[in-house]
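Student: Below: one structure in structure tokens.
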Amino acid sequence: MGVISMIRKYQNEGIVLLALLLLIGGFLYQRGMERKLDVSLEQSKTAATEITQAKTLQKVWSTKGLKQKVTALQGSVIPSKVKTFNLAKNKLNAHFFQLTGKELNSVATRIASLPVRIQEFAVTRMGTQYALRCSCTW
Amino acid sequence: MSFLDTKKVPLVLLHRHIAALPEVARYDLMLTPQFYVIKREVLPLKYAFQAKKLAPSILEELTGEGTFSYEAFQEGDTWVFIAYDLPALADFLETKKGSIDRVRHLYFAEQAREQFATPVALDEREALTLVNDTVTVVPKSLLQNTSVFSPFDETFRPQKHYDLKRTYNSFLDTRLAAALAILLALLGLTYIAEGYRYHAAIATAESRLDTLLEANPSLRGAYARKSILKKYTAVNTRQRQIRDRIKSVSHLTGNDTQINALFVDTKGYRVTLSVPDKPKTVATLKKLAAAGGLEHLKIAAGKLETWGSFQ
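Top line first, the protein sequences correspond to chains F and U. At position 36 of the first sequence (counting the first as 1) the number is 86 in the numbering used here, and the numbers step up by one without a gap. At position 17 of the second sequence (counting the first as 1) the number is 1203 in the numbering used here, and the numbers step up by one without a gap.
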């Protein structure tokens, strides 16, 4: 009876206290959800950016059909100017010589446009002609 | 429902010398004038709540110190105003091993005025009867016929009852508490609604991410994504640097300037060009080299040297 009596006597304060608890609970819930939303949005944004970047990079540096394109390099100059053209599974060692300035530009541009990993690229002038040595992987 | 309860809950005529209160969970109290003050006024009022509002000012002269509660009811053209001290009543009930919390309904003897035309004995010395048409506690000795007393029973129960304002000890007024509670609860509900909105937004964001991950199952894991990114970013950066340097050097060449030697690998570059000794050409080459991001530059004796390393 004592507790019930107490509750009845202070029911006004009790009601306000309950409403206050509701307010505090609601506030904490709202803040918690807000923080969770921030984290969730940040995670989504990061994941989306990472996926887009990874897909783009994968596409750029894709090795699909690359070997054929690399092989085609050999035909960009006349065979007599190809000193070596060692094509392995995923590696190329090429040496071109007696190239004119125009030929050098052509071969260099072709190599640079291929999504290969250039390990070494060397040009040497001999008189009016050039030698090009290139090593690349993929 | 109350008529059912009436049968179960006893009606107690409360007076100062009552021996004991019934030991039941609930009882109704009819107060004798020992617990209230009364005043009759003829007022052109229509509703009881209007009269109740006026009661404190009408009974001001009769009420002394104390926390009074007020009631008012109508008898023909006359309004009956009553004031009673609830905390004092509660204290009195405690002395009789009762409790205000056991009181269900409250009545005033004045409400059953007609029944008290025949006196009702309160104890050996006092009785309750009408004096000047008002229910009053009188000594039995003043009554002419002391042998005729009406027994107090359920027939005295008036139709209208009053409920106790149990919150008389509260620090907060009921209206203020209700207003405050509504305000706080509304604010709380607003927060909850906003929180739920965020909750829905989280679900949408997670759903979008799931769709994206389902479309790219190989990139589902964050570790796998980061690993792929790390691998390809390093390759992409370095290979772009290599190609940029080759391109920058190609911009330096022309009719007057030719490459003597160019060497680029994954660590850095070194280039030698033959250039004419013309100040204008040298100035142009310097500008082009700076624009192309070539780090170190040395031009002397018809020779341009530039070198650098990749970060």
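Glycine included, each C-beta is placed from N, C-alpha and C at the ideal position.
1. Are any of the Cβ atoms in chain C nearer than 8 Å to that of Glu153/F?
2. Among Glu84/F, Ala138/F, Ile65/F and Pro129/F, which one has its Cα closest to the Cα of Arg1383/U?
3. State yes or no: is the C-beta of Tyr1293/U within less than 8 Å of the C-beta of Asp1214/U?
4. What do you get for Arg1411/U, buried or exposed, if any count of 16 or more other CB atoms within 10 angstroms of its CB means buried?
5. What in chain U is Cβ-close to Glu157/F, meaning under 8 Å?
6. Taking all protein chains shown into account, do 16 or more other C-beta atoms lie within 10 angstroms of the C-beta of Thr1218/U, making it buried, or fewer, making it exposed?
7. Do three or more CB pairs link the stretch 1278-1286 of chain U to the stretch 1295-1306 of chain U at distances below 8 Å?
8. Closer than 7 Å, Cβ to any Cβ of chain F: which residues of the stretch 1444-1465 of chain U, in chain order?
9. Which residues in the same chain have their Cβ closer than 7 Å to the Cβ of Arg1456/U, if we skip the five residues on either side of it in sequence?
10. For Leu73/F, go through chain U and note every residue whose CB falls closer than 8 Å to its CB, in chain order.
11. Considering Cα atoms alone, identify which of Gly1479/U, Leu1375/U, Lys1239/U and Lys1238/U is closest to Tyr79/F.
12. Going along chain U, which residues have a C-beta under 8 Å from Gly76/F?
13. So for Val1461/U, helix, strand or coil by DSSP?
14. How many Å lie between Ala1367/U and Ile74/F at the Cα?
15. Can you grab the Cα-Cα spacing for the pair Ala1469/U / Lys95/F, in whole Å?
16. Let me know if Leu163/F comes out buried or exposed under the rule of 16 or more other beta-carbons within 10 Å of its beta-carbon.
17. Given this structure, state the Cα-to-Cα distance separating Leu154/F from Gln1427/U, to the nearest angstrom.
18. Quick check on Ser112/F - is its C-beta less than 8 Å from some C-beta in chain U?
19. Name the one or two DSSP bridge partners that His1482/U has.
20. Decide if Met1187/U is buried, meaning its Cβ has at least 16 other Cβ atoms within 10 Å, or exposed.
21. Grab the span of the alpha helix (DSSP H) containing Ile1244/U for me, first residue to last.
22. Kindly say whether Leu1398/U, judged by its beta-carbon, lies nearer than 8 Å to any beta-carbon of chain F.
23. Going by beta-carbon coordinates alone, are Val1266/U and Leu1245/U separated by less than 8 Å?
24. Does Phe1357/U get closer than 8 Å to chain F when you measure Cβ to Cβ?
25. Can you list, in chain order, the residues of its chain with a C-beta nearer than 6 Å to that of Ala181/F? Leave out the 5 residues immediately preceding and following it.
26. What residue range does the beta strand (DSSP E) around Thr96/F cover?
27. Within the continuous beta strand (DSSP E) that includes His145/F, where are the two ends?
28. How close, in whole Å, do the beta carbons of Ser126/F and Ser156/F come, if the pair is a contact with beta carbons under 8 Å?
29. Is Asp1349/U buried or exposed, if buried means 16 or more other CB atoms sit within 10 Å of its CB?
30. Which class does Thr1192/U belong to by DSSP, given the choice of helix, strand or coil?
31. Could you tell me the distance, in whole angstroms, from the CA atom of Asn1422/U to the CA atom of Thr1452/U?
32. Using the rule of at least 16 other Cβ atoms within 10 Å of the residue's Cβ for burial, across every protein chain shown, is Phe1357/U buried or exposed?
33. According to DSSP, simplified to helix, strand and coil, what is Phe1254/U?
34. Kindly indicate which three-state DSSP category Met51/F falls into: helix, strand or coil?
35. Going by C-alpha distance, which of Leu1231/U, Lys1232/U and Lys1225/U is nearest Pro1242/U?
36. Closest by CA to Leu137/F, which one among Ala172/F, Ile101/F and Thr121/F?
Tutor: By the coordinates alone:
1. Absent from the structure is chain C; the protein chains it does hold are F and U.
2. As a position in the second sequence, residue 1383/U is number 197, starting the count at 1. Of Glu84/F, Ala138/F, Ile65/F and Pro129/F, the residue nearest in Cα terms is Glu84/F.
3. Counting from one through the second sequence, the residue named residue 1293/U turns up at place 107. Counting from one through the second sequence, the residue named residue 1214/U turns up at place 28. Contact: yes.
4. Sequence index remark: in the second sequence, residue 1411/U carries index 225 (1-based). Buried, because 16 or more other Cβ atoms sit within 10 Å of the Cβ of Arg1411/U.
5. Your numbering for residue 157/F matches position 107 in the first sequence. The question names Glu, but residue 157/F is Val in the sequence shown. Correct list: empty, because the minimum Cβ distance to chain U is about 12 Å.
6. Numbered from 1 along the second sequence, position 32 holds the residue referred to as residue 1218/U. So Thr1218/U counts as buried.
7. Between the stretch 1278-1286 of chain U and the stretch 1295-1306 of chain U, the count of Cβ pairs shorter than 8 Å is below three; the stretches do not touch.
8. Gln1444, Ile1445, Asn1446, Ala1447, Leu1448, Phe1449, Val1450, Asp1451 and Thr1452
9. As a working note, residue 1456/U is residue 270 in the second sequence. These residues qualify, in order along the chain: Phe1449 and Trp1493.
10. One-based indexing of the first sequence puts residue 73/F at position 23. Those within 8 Å of Leu73/F in chain U are Leu1370, Ala1371, Leu1373, Gly1374 and Tyr1377.
11. Reading the first sequence from its first residue, position 29 is the one you call residue 79/F. The candidate whose alpha carbon is nearest that of Tyr79/F is Leu1375/U.
12. By one-based count along the first sequence, residue 76/F stands at place 26. Residues of chain U passing the Cβ test: Leu1373, Gly1374, Leu1375, Thr1376, Tyr1377, Ile1378 and Gly1381.
13. As a position in the second sequence, residue 1461/U is number 275, starting the count at 1. Three-state result, Val1461/U: coil.
14. Here residue 1367/U corresponds to residue number 181 of the second sequence, with the count starting at 1. Here residue 74/F corresponds to residue number 24 of the first sequence, with the count starting at 1. Roughly 13 Å separates the two Cα atoms.
15. By one-based count along the second sequence, residue 1469/U stands at place 283. By one-based count along the first sequence, residue 95/F stands at place 45. Cα to Cα, the separation comes out at about 47 Å.
16. In the first sequence, the residue the question calls residue 163/F occupies position 113. The sequence as given places Ser at residue 163/F; Leu does not occur at that position. Label assigned to Ser163/F: exposed.
17. Along the first sequence, one-based indexing puts residue 154/F at 104. Along the second sequence, one-based indexing puts residue 1427/U at 241. So the two alpha carbons sit approximately 20 Å from each other.
18. The sequence position of residue 112/F within the first sequence is 62, counting from 1. Chain U, which has no Cβ nearer than 8 Å to the Cβ of Ser112/F, makes this no.
19. Start at 1 with the first residue of the second sequence, and residue 1482/U comes out as number 296. Its beta-bridge partners are Trp1493/U.
20. Residue mapping note: residue 1187/U aligns to position 1 of the second sequence, counting from 1. Confidence is the limiting factor: at Met1187/U the pLDDT is only 38, short of 50, which leaves the residue's position unreliable and the question unanswerable from this model.
21. Within the second sequence, the letter at position 58 stands for residue 1244/U. Per DSSP, Ile1244/U belongs to the alpha helix (DSSP H) from Ala1234 to Ile1244.
22. In the second sequence, residue 1398/U corresponds to position 212, counting from 1. So, interface residue.
23. Residue 1266/U sits at position 80 when you count from the first residue of the second sequence. Residue 1245/U sits at position 59 when you count from the first residue of the second sequence. No, the Cβ-Cβ distance between Val1266/U and Leu1245/U is not below 8 Å.
24. As a working note, residue 1357/U is residue 171 in the second sequence. Yes, its Cβ sits closer than 8 Å to a Cβ of chain F.
25. Within the first sequence, numbered from 1, the residue matching residue 181/F stands at position 131. Only Phe147 and Thr174 meet the Cβ criterion.
26. Taking the first sequence and counting its residues from 1, the one referred to as residue 96/F is at position 46. Run containing Thr96/F: none in the beta strand (DSSP E); it sits in the alpha helix (DSSP H), Gln61 to Val110.
27. Along the first sequence, one-based indexing puts residue 145/F at 95. Residues Lys141 to Leu149.
28. Here residue 126/F corresponds to residue number 76 of the first sequence, with the count starting at 1. Here residue 156/F corresponds to residue number 106 of the first sequence, with the count starting at 1. So it is a contact: roughly 6 Å between Cβ atoms.
29. Numbered from its first residue, the second sequence carries residue 1349/U at position 163. Burial call: exposed.
30. In the second sequence, counting from the first residue as 1, residue 1192/U sits at position 6. The predicted model places Thr1192/U with a pLDDT of 47, which falls under 50 and marks its position as unreliable; any figure quoted below should be read in that light. Helix.
31. For the purposes of this step, residue 1422/U is identified with residue 236 of the second sequence, where counting begins at 1. For the purposes of this step, residue 1452/U is identified with residue 266 of the second sequence, where counting begins at 1. Distance between the alpha carbons of Asn1422/U and Thr1452/U: 12 Å.
32. Position 171 of the second sequence, counted from the start, is the residue given in the question as residue 1357/U. Counting Cβ neighbours within 10 Å, Phe1357/U comes out exposed, since fewer than 16 surround it.
33. Here residue 1254/U refers to the residue found at position 68 of the second sequence. Three-state result, Phe1254/U: strand.
34. In the first sequence, the residue the question calls residue 51/F occupies position 1. Confidence in Met51/F is poor, its pLDDT being 49 and thus under 50, which makes the residue's placement too unreliable to answer from.
35. Working through the second sequence from its first residue, we reach residue 1242/U at position 56. That would be Lys1225/U, whose Cα lies nearest to the Cα of Pro1242/U.
36. Looking up residue 137/F in the first sequence gives position 87. Ranking the options by Cα distance to Leu137/F, first place goes to Thr121/F.
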